[in-house]
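**Q**
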Amino acid sequence: MEMLLSLQSFIFISLLSLYLYLYFFTSYKRPAVGFKHYPVVGALPGYLRNRHRFLDWSTEILKHCPKGTTIFYSPGEIHSVITANPANVEHILKTNFENYPKGQRFVTLLEDFLGRGIFNSDGELWKVQRKTASYEFNTKSLRNFVMDNVRFETLSRLVPILVKASRTGQVLDLQDILERYGFDNICKVAFNFDPGCLGGDGTAGSEFMRAFEDAATLSSGRFRYAFKHMWSVKKFFNIGSERTLKNSIAIVHEFANNIIRSRMEEKMANMEDDLLSRFIGNGKNSTEFLRDIVISFILAGRDSTSSALSWFFWLLASHPKVEQNILKELESIRARNGRSVGATYSFEELRDMHYLHAALSETLRLYPPVPVDSKACRNDDILPDGTFVEKDWFVTYHAYAMGRMESIWGENCNEYLPERWLEDGIYRSENVFRFPVFHAGPRMCLGKDMAYIQMKSIAASVIERFAVDVQHKDTCPEKVLSLTLRIKDGLHVTVRERC
1 MEMLLSLQSF
11 IFISLLSLYL
21 YLYFFTSYKR
31 PAVGFKHYPV
41 VGALPGYLRN
51 RHRFLDWSTE
61 ILKHCPKGTT
71 IFYSPGEIHS
81 VITANPANVE
91 HILKTNFENY
101 PKGQRFVTLL
111 EDFLGRGIFN
121 SDGELWKVQR
131 KTASYEFNTK
141 SLRNFVMDNV
151 RFETLSRLVP
161 ILVKASRTGQ
171 VLDLQDILER
181 YGFDNICKVA
191 FNFDPGCLGG
201 DGTAGSEFMR
211 AFEDAATLSS
221 GRFRYAFKHM
231 WSVKKFFNIG
241 SERTLKNSIA
251 IVHEFANNII
261 RSRMEEKMAN
271 MEDDLLSRFI
281 GNGKNSTEFL
291 RDIVISFILA
301 GRDSTSSALS
311 WFFWLLASHP
321 KVEQNILKEL
331 ESIRARNGRS
341 VGATYSFEEL
351 RDMHYLHAAL
361 SETLRLYPPV
371 PVDSKACRND
381 DILPDGTFVE
391 KDWFVTYHAY
401 AMGRMESIWG
411 ENCNEYLPER
421 WLEDGIYRSE
431 NVFRFPVFHA
441 GPRMCLGKDM
451 AYIQMKSIAA
461 SVIERFAVDV
471 QHKDTCPEKV
481 LSLTLRIKDG
491 LHVTVRERC
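All residue numbers for the sequence shown refer to full-length UniProt numbering, where the first residue is 1 and numbers rise by one.
(1) Please tell me whether alanine 347 and arginine 143 are closer than 8 Å, where the distance is taken between their beta carbons.
(2) Please identify the residue among Leu315, Leu114, Gly338 whose C-alpha is closest to the C-alpha of alanine 250.
(3) Run through DSSP, which three-state label would phenylalanine 394 get?
(4) Taking the alpha-carbon positions, what's the threonine 71 to phenylalanine 119 distance?
(5) Taking all protein chains shown into account, decide if tyrosine 100 is buried (16 or more other Cβ within 10 angstroms of its Cβ) or exposed.
(6) Do you know whose CA, among Cys187, Ser310, Ala308, Asn257, lies nearest leucine 290's CA?
(7) Out of Val470, Asn412, Lys328, which one is the CA nearest neighbour of glutamate 464?
(8) Per DSSP, which one or two residues make a beta bridge with arginine 486?
(9) Is threonine 69 helix, strand or coil when you go by DSSP?
(10) Can you give the Cα-Cα distance for cysteine 187 and aspartate 194, rounded to whole angstroms?
(11) Can you tell which of Asn379, Pro368, Ile382 has its C-alpha closest to the C-alpha of alanine 401?
(12) Check whether the segment 298–311 touches the segment 172–189, taking contact to mean three or more Cβ pairs, one atom from each stretch, closer than 8 Å.
(13) Quick check on the burial criterion: 16 or more other C-beta atoms within 10 angstroms. Buried or exposed for asparagine 149?
(14) Identify the continuous beta strand (DSSP E) that holds arginine 496 and give its terminal residues.
(15) Would the beta-carbon of tryptophan 409 fall within 8 Å of that of threonine 363?
(16) Which residues does DSSP list as the beta-bridge partners of valine 150?
(17) Alanine 467 by DSSP, collapsed to three states: which one?
(18) To the nearest angstrom, how far is the alpha carbon of phenylalanine 482 from that of cysteine 65?
(19) Among Arg53, Leu417, Ile487, which one has its Cα closest to the Cα of serine 318?
(20) Output yes or no for whether 8 Å exceeds the beta carbon distance between glycine 199 and isoleucine 260.
(21) Is the beta carbon of methionine 405 sitting closer than 8 Å to the one on lysine 63?
(22) Residues in the same chain with beta-carbon distance under 7 Å from threonine 132, minus the five sequence neighbours each way, listed in chain order, please.
(23) What does the alpha-carbon distance come out to for the pair threonine 59 and tyrosine 73?
(24) Taking the straight line between their C-alpha atoms, what separation do you get for valine 370 and glutamate 430?
(25) State the Cα-Cα distance for the pair phenylalanine 212 and glycine 338, rounded to the nearest angstrom.
(26) Quick check on lysine 172: does DSSP put it in helix, strand or coil?
(27) In whole angstroms, what separates the C-alpha of asparagine 88 from that of glutamate 331?
(28) I need the boundaries of the beta strand (DSSP E) containing aspartate 373, first residue and last residue.
(29) Buried or exposed, going by whether 16 or more other CB atoms sit within 10 Å of the CB of glutamate 197?
(30) Indicate whether leucine 158 and valine 495 have their beta-carbon atoms separated by less than 8 Å.
(31) Helix or strand or just coil, what does DSSP make of valine 159?
(32) Compute the distance between the beta-carbons of leucine 350 and alanine 459, then report whether it is under 8 Å.
(33) Use the C-beta contact count for tyrosine 397: other C-beta atoms within 10 angstroms, 16 or more gives buried, fewer gives exposed.
(34) Going by beta carbon distance, what residues of the same chain come within less than 8 Å of isoleucine 453, once the five residues before and after it are set aside?
(35) In terms of residue numbering, what span does the beta strand (DSSP E) encompassing threonine 83 cover?
This is the structure we're talking about:
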């Protein structure tokens, strides 16, 4: 017995000595700045302490890195480079694009939910979807279709809800309303299907929305497991979050299949030419492939604009001067065109809203709907700032941190200042690699113009008719990092009609 205890003590002391030696006398994995790393476990302890505030934690670290880049060492051999350096972003997303695909890990984690849709595919499969979608998004007919549906959704559904709330004093969850608006709109624009989630009887659509939100949140949660295979174990045994995810995905898939069947029947009777019809018209695509397309574009259209607008109205509540400047711009446009308050805006009028465009872009800078995005490294590479990236490592560009870097935006980078986007009152676009909110390079977001049309239409229609009072406006809402950046527990507001 004594010999056994002595052996155990010897092993323990030896392992402890080895650990202490590695910790105190090796520095290749312990840079002076960046994530704090430990032998064997890497940066895992810090991540476990801060994963509830991952965006702010990682931003704080990047701001102290001279090159705006650091390495996150994980247990094992696959590590991640995290960067907020515009030169690196351009290299990853454009210059050496072919070397940085989504990668098998990314595809695998989201495949149950997104399948092989345009946002979860690489190579030829991605190129085929991109080519077809790109053609449709660049047509004037789609732009007009977007405008028509935005007018309908705003006047027939959104405004009546706000009018009723202003008269009854009802507290609204504006984030939920905007998500319902976005869901209705993307379904109509891309697939000519109206789920009626915002107003009307949208029972089936509302069930889908809840399932979609759960599926998006739980799927993205797979990326944040401290032990990367934990989700697959839970999936195998069909327990916990993976069981909920499975049920949510089943509802999402059934809803998407119904859209496909509806559009295929309509295709036979009336040759429409919307996005889904173009893929159906190919004649070679399976129902599963079409379903993946449906889910991908609903994700893009429903969550991105609602995320941006939710943060926009929260910021506006504590920046009354910005709100007054927007109102002045809207009044000027109304006076110039002789139109009264309440009428929807034309495309040309939306294009003239330079200050509103700047205010929305400033929101996107501080609260990008997709705050981080990762790529896999196909072959060994060296980034422009000198950082070595090993084959099979991941590279993450941190859009949320980039919006808070003094090296990019100056000393006032943390201030909400729409004027930084204006030059003599005219909106000035920023370099996409300094402001990669709509991605950049070959994967540049196809719906960027559509997103601004929708955001400006909603914001202008609401602001000129209603004063929006956000509850707890002086406290930054807690962030929920799903596939998009949401406000935890919603954005609760009361509204008052302006005189």
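We treat Cβ as the ideally placed atom computed from N, Cα and C, and that holds for glycine.
Note that the structure is a prediction, hence the values are computed from the model and not measured.
**A** Inspection of the coordinates gives the following:
(1) Working through the sequence shown from its first residue, we reach residue 347 at position 347. Working through the sequence shown from its first residue, we reach residue 143 at position 143. Correcting the residue type first, residue 347 is phenylalanine in the shown sequence and not alanine. Going by C-beta atoms, phenylalanine 347 is nearer than 8 Å to arginine 143.
(2) Walking along the sequence shown from the start, residue 250 turns up at place 250. With distances taken between Cα atoms, alanine 250 lies closest to Leu114.
(3) Taking the sequence shown and counting its residues from 1, the one referred to as residue 394 is at position 394. Strand.
(4) Stepping through the sequence shown from its first residue, residue 71 is reached at position 71. Stepping through the sequence shown from its first residue, residue 119 is reached at position 119. Here residue 71 is isoleucine; the residue named in the question, threonine, does not match the sequence. Across the structure, isoleucine 71 and phenylalanine 119 are spaced so that their CA atoms are roughly 25 Å apart.
(5) Within the sequence shown, the letter at position 100 stands for residue 100. Result: buried.
(6) Translated into the one-based positions of the sequence shown, residue 290 becomes position 290. The residue with the shortest Cα to Cα distance from leucine 290 is Asn257.
(7) For the purposes of this step, residue 464 is taken as the residue at position 464 of the sequence shown. Closest option to glutamate 464, Cα to Cα, is Lys328.
(8) Translated into the one-based positions of the sequence shown, residue 486 becomes position 486. Answer is Val480, bridged to arginine 486.
(9) By 1-based counting over the sequence shown, the position of residue 69 is 69. Correct three-state label for threonine 69: strand.
(10) What you label residue 187 is simply residue 187 of the sequence shown in a count that begins at 1. What you label residue 194 is simply residue 194 of the sequence shown in a count that begins at 1. Each residue's Cα considered, the two are about 6 Å apart.
(11) Numbered from its first residue, the sequence shown carries residue 401 at position 401. The option with the nearest alpha carbon to alanine 401 is Pro368.
(12) yes
(13) Locating residue 149 in the sequence shown gives position 149, where the first residue counts as 1. Answer is buried; the Cβ neighbour count reaches 16.
(14) For the purposes of this step, residue 496 is taken as residue 496 along the sequence shown, with counting starting at 1. Counting along the chain, the beta strand (DSSP E) containing arginine 496 begins and ends at 492–497.
(15) Position 409 of the sequence shown, counted from the start, is the residue given in the question as residue 409. Position 363 of the sequence shown, counted from the start, is the residue given in the question as residue 363. In this structure, threonine 363 does not lie closer than 8 Å to tryptophan 409 by Cβ.
(16) Stepping through the sequence shown from its first residue, residue 150 is reached at position 150. As far as DSSP is concerned, valine 150 takes part in no beta bridge.
(17) Numbered from its first residue, the sequence shown carries residue 467 at position 467. Reduced to three states, the DSSP call for alanine 467 is strand.
(18) Position 482 of the sequence shown holds residue 482. Position 65 of the sequence shown holds residue 65. Sequence check: residue 482 is serine here, not phenylalanine. Between serine 482 and cysteine 65, the C-alpha separation is close to 26 Å.
(19) Here residue 318 refers to the residue found at position 318 of the sequence shown. From the listed residues Arg53, Leu417, Ile487, the smallest Cα separation to serine 318 is found for Leu417.
(20) Taking the first residue of the sequence shown as 1, we reach residue 199 at position 199. Taking the first residue of the sequence shown as 1, we reach residue 260 at position 260. Contact: no.
(21) Walking along the sequence shown from the start, residue 405 turns up at place 405. Walking along the sequence shown from the start, residue 63 turns up at place 63. Closer than 8 Å, so yes.
(22) Locating residue 132 in the sequence shown gives position 132, where the first residue counts as 1. Closer than 7 Å at Cβ, skipping near neighbours: Arg278, Phe279.
(23) The count along the sequence shown starts at 1 and reaches residue 59 at position 59. The count along the sequence shown starts at 1 and reaches residue 73 at position 73. Each residue's alpha carbon lies about 17 Å from the other.
(24) In the sequence shown, the residue the question calls residue 370 occupies position 370. In the sequence shown, the residue the question calls residue 430 occupies position 430. Whole-angstrom Cα-Cα distance: 18 Å.
(25) In the sequence shown, counting from the first residue as 1, residue 212 sits at position 212. In the sequence shown, counting from the first residue as 1, residue 338 sits at position 338. Note on geometry: alpha-carbon atoms of phenylalanine 212 and glycine 338 lie some 43 Å from one another.
(26) As a working mapping, residue 172 is identified with position 172 in the sequence shown. According to the sequence shown, residue 172 is leucine rather than lysine. Strand, per DSSP.
(27) Residue 88 sits at position 88 when you count from the first residue of the sequence shown. Residue 331 sits at position 331 when you count from the first residue of the sequence shown. The C-alpha of glutamate 331 is placed about 43 Å away from the C-alpha of asparagine 88.
(28) The residue labelled residue 373 in the question sits at position 373 within the sequence shown. For aspartate 373, the enclosing beta strand (DSSP E) starts and ends at 372–376.
(29) In the sequence shown, the residue the question calls residue 197 occupies position 197. In the sequence as presented, glutamate is not what sits at residue 197; that position holds cysteine. By the neighbour-count rule (16 or more Cβ atoms within 10 Å), cysteine 197 is buried.
(30) Taking the first residue of the sequence shown as 1, we reach residue 158 at position 158. Taking the first residue of the sequence shown as 1, we reach residue 495 at position 495. No, the Cβ-Cβ distance between leucine 158 and valine 495 is not below 8 Å.
(31) Against the sequence shown, residue 159 aligns to sequence position 159. Valine 159 falls in the helix class under three-state DSSP.
(32) Stepping through the sequence shown from its first residue, residue 350 is reached at position 350. Stepping through the sequence shown from its first residue, residue 459 is reached at position 459. For the pair leucine 350 and alanine 459, the CB atoms are not nearer than the 8 Å cut-off.
(33) Translated into the one-based positions of the sequence shown, residue 397 becomes position 397. It is buried - the Cβ of tyrosine 397 has at least 16 other Cβ atoms within 10 Å.
(34) Numbered from 1 along the sequence shown, position 453 holds the residue referred to as residue 453. Counting only Cβ-Cβ distances below 8 Å, and skipping sequence neighbours, we find Arg143, Val146, Met147, Val150, Phe347, Leu350.
(35) If you number the sequence shown from 1, residue 83 lands on position 83. That run of the beta strand (DSSP E) goes 80–83.
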